[in-house]
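According to our numbering, the sequence shown is numbered sequentially starting from 1081.
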Amino acid sequence: MRKKAIFIFLSLFILCSGFFCLMACDVYSDAVERGKYKRSTADLISLSNAIHIYADENQKVPEVQSLEELEKILVPFYMRKFLGKDQWGNRFFYKKTGEKSFLVGCAGGDERFEGFDQEGTYSEHEIKGQDIIITYKKLVYGPEEYLKRRWFKTE
């Protein structure tokens, strides 16, 4: 009888431990994903700042067909190191939208960029697989919580 009680106790203990480990792994995974979004956004901001400085000096944003061409223009005068990829290893996207306006973006964790026509925000709980799009000091499409930071101007 005593051995049976010990066996049941140990079985429940192992089961509960496994459950808590799974929960901890999920929380850790979400934290890693949020960290990648924040780092990718910081890299996009650095790229955006370099493009903005170039535009101020040259009275126009770079007219390029690829990120490689953009890198040749920006490094080493406007950026020390070109940040052409997000934290998942996917390339950034760049689009000239006017003489002195532009957009930069990244695909996020799902590796699929849905295009520059996206606008608005999404909650931190919906972050997985979402794109990020910014222009100079303005979040065009991204996590709503980023608007509360000093990264972007609010209008």
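For glycine and all other residues, C-beta sits at the position ideal for the given N, C-alpha and C.
Quickly, what does DSSP pair residue i with across the bridge? List them, please.
i     : result
L1183 : K1175
P1223 : Y1202
T1215 : K1218
K1043 : One cannot answer for residue 1043 here, as it falls past the ends of the chain, which runs 1081 to 1235.
Roughly how far, in whole angstroms, is the beta-carbon of residue i from the beta-carbon of residue j, given that I think they are within contact range, below 8 Å?
i     : j     : result
G1189 : W1168 : 6 Å
Give the straight-line distance between the Cα atoms of residue i and residue j, rounded to the nearest whole angstrom.
i     : j     : result
F1182 : Y1216 : 8 Å
G1200 : I1207 : 13 Å
V1141 : S1203 : 31 Å
Q1139 : L1154 : 15 Å
L1227 : R1119 : 15 Å
E1194 : D1166 : 15 Å
F1157 : A1130 : 9 Å
K1149 : T1177 : Correcting the residue identity first, residue 1149 is Glu in this sequence and not Lys. Straight-line Cα distance between these residues: approximately 17 Å.
K1218 : E1137 : 20 Å
R1192 : R1160 : 28 Å
H1205 : F1172 : 23 Å
D1211 : Y1117 : 9 Å
L1127 : I1133 : 10 Å
I1125 : A1135 : 15 Å
E1225 : E1179 : 30 Å
E1143 : G1209 : 29 Å
For residue i, is the classification buried or exposed, using 16 other Cβ atoms within 10 angstroms of its Cβ as the cut-off for buried?
i     : result
V1112 : exposed
G1222 : buried
V1220 : buried
S1146 : exposed
A1122 : exposed
D1197 : exposed
Would you list, in sequence order, the uninterrupted alpha helix (DSSP H) runs of no fewer than 4 residues that lie entirely inside the segment 1131-1158?
1147-1154
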